[in-house]
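A short write-up of the structure that comes next.
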Amino acid sequence: MATPHNAAQPGDIAKTVLMPGDPLRAKFIADTYLSDVTCFNTVRNMLGFTGTYKGKRVSVMGSGMGIPSIGIYSYELYHFYDVENIIRIGSAGGIGDNVKVRDVVIGMGACTNSNYAVQYRLPGTFAPIADFGLLRKAVEVAERLGIHTVVGNVLSSDTFYNDDKTANDAWKKMGVTCTEMESAALYMNAARCGRKALGIFTISDHLYTGEELSAEERQTSFREMMEIALEVAE
Numbered sequence: 036m037a038t039p040h041n042a043a044q045p046g047d048i049a050k051t052v053l054m055p056g057d058p059l060r061a062k063f064i065a066d067t068y069l070s071d072v073t074c075f076n077t078v079r080n081m082l083g084f085t086g087t088y089k090g091k092r093v094s095v096m097g098s099g100m101g102i103p104s105i106g107i108y109s110y111e112l113y114h115f116y117d118v119e120n121i122i123r124i125g126s127a128g129g130i131g132d133n134v135k136v137r138d139v140v141i142g143m144g145a146c147t148n149s150n151y152a153v154q155y156r157l158p159g160t161f162a163p164i165a166d167f168g169l170l171r172k173a174v175e176v177a178e179r180l181g182i183h184t185v186v187g188n189v190l191s192s193d194t195f196y197n198d199d200k201t202a203n204d205a206w207k208k209m210g211v212t213c214t215e216m217e218s219a220a221l222y223m224n225a226a227r228c229g230r231k232a233l234g235i236f237t238i239s240d241h242l243y244t245g246e247e248l249s250a251e252e253r254q255t256s257f258r259e260m261m262e263i264a265l266e267v268a269e
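Position in the sequence shown (from 1) plus 35 gives the number in our numbering.
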C-alpha cells in the first residue's frame, strides 16, 4: 500500500534497495545499470525505480539528506514494503589519515551526534553496525573488481555546517574514517526490525588535507561504489 512518502504498491519494490541521497543519482543508476526499469515513486520527487541487473531484480531510491529523511524512507521500505536489504551509497568527507579522495569506504559502524536512538529507550548507548554478511560480500566484490576499499567506522552527523570547527578532531582521534549524514539511522532501523543494511561511500573531499573531487571526477569515481553495491544486491 502507498504511504505519505511512497506511491509504490506491494510487489513494486525488490528485496534489495540501493539508496543514494540524491534522487537524480538514483535515476542515473537506473538509466545506466538496470534493464526493464519501472518508476515506482515520484512523490516529493524522491524518485524510486525497479529493474534488473545481471538477472537480479534490484530497486534504487533516493533517501534525501540527513537522518530524519533516511529514517522515514528506510522505515517505510522495511516495514511496509517487505524490503530485506538496504545499501546506502553516498559521498563522504574524509577525516582519517587512512583515507584519501576517491577511496571507497565500507561502513562497519556508524557513530552519530544525533538523538535518533532516544526513541528506543535503551539503558545505555546503542552502537549502530552494518550487517556482516553484506559487509563481507562487499569487501569480496571490491577485491574481485580491483577496487581499493577501507573498512571502518563512519560518523553520521546532523550538522553539515558545524559551529564548532574543532568537532571532527575528537572523532578523528577515535579512528573515525569519514563523515556523512545518514547511515546511523539506517543501521538502527534495520536492527529494530531484523533486516539488513550496509553503507558504502566514496570520499569526495578530505576535511584535513583539503583535497576534493571536481564534479566530473565525482561522476567517474562514484561508479565504483555503485558497481560494488549492485554486485552485492541479493
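By construction, the Cβ of each residue, glycine as well, lies at the ideal position given by its N, Cα and C atoms.
Distance between beta carbons of residue j and residue i, contact taken as under 8 Å
i	j	result
Ala61	Gly97	5 Å
Gly142	Ser218	5 Å
Ala127	Val189	7 Å
Glu266	Val176	4 Å
Phe236	Gly125	6 Å
Alpha-carbon spacing of residue i relative to residue j, whole angstroms
i	j	result
Glu269	Gly106	22 Å
Asn197	Gly90	44 Å
Asn148	Arg123	19 Å
Leu248	Phe257	11 Å
Ile64	Thr255	13 Å
Gly168	Thr184	16 Å
Asp240	Asp71	35 Å
Ala226	Thr201	31 Å
Phe84	Tyr68	12 Å
Met100	Met216	7 Å
Ala250	Asp66	19 Å
Thr73	Val174	30 Å
Leu242	Asp199	14 Å
Gln44	Thr38	9 Å
Leu82	Leu170	26 Å
Glu178	Phe161	31 Å
Residue from the options with nearest C-alpha to residue i
i	options	result
Leu221	Val176, Thr87, Asn133 and Cys146	Cys146
Gly187	Asp204, Pro163 and Gly46	Pro163
Ile121	Pro45, Thr194, Ile130 and Glu111	Glu111
Ile47	Met36, Asp57, Leu53 and Gly56	Per the sequence presented here, residue 47 reads as Asp, with Ile not at that position. The option with the nearest alpha carbon to Asp47 is Met36.
Gly131	Leu248, Ser249 and Gly210	Gly210
Val52	Thr67, Pro103, Tyr116 and Gly101	Tyr116
Ala165	Gly159, Val140 and Ile182	Val140
Ala264	Ala205, Glu246 and Lys172	Lys172
Asn133	Val174, Leu169, Met261 and Thr244	Thr244
Val93	Ala49, Leu157 and Ala177	Ala49
Val118	Met54, Leu170 and Ala250	Met54
Pro103	Val174, Asp66, Ala250 and Thr194	Thr194
Cys213	Phe161, Gly144, Glu178 and Gln154	Gly144
Exposed unless 16 or more other CB atoms sit within 10 angstroms - verdict on residue i
i	result
Ser109	buried
Phe75	buried
Asn224	buried
Gly234	buried
Gly159	exposed
Leu157	exposed
Tyr88	buried
Other residues of its chain near residue i: CB distance less than 7 Å, five sequence neighbours each side excluded
i	result
Val78	His40, Asn41 and Ala42
Lys25	Residue 25 falls outside the range modelled here, since the chain spans only 36 to 269, and no answer is possible.
His114	Cys228
Asp57	Gly97
Glu262	Leu180
Asn80	Pro58
Glu246	Lys135, Val136 and Asp240
Neighbourhood of residue i by C-beta distance below 6 Å, restricted to the same chain and skipping five residues each side
i	result
Glu13	The question about residue 13 has no answer here: the residues shown for the chain are numbered 36 through 269.
Asp204	none
Arg230	Tyr113 and Glu119
Val95	Leu53, Ala61, Ile64, Ala65 and Phe84
Beta-carbon proximity list for residue i, same chain, < 8 Å, skipping 5 on both sides
i	result
Gln13	Residue 13 is absent from the model: the chain starts at 36 and stops at 269.
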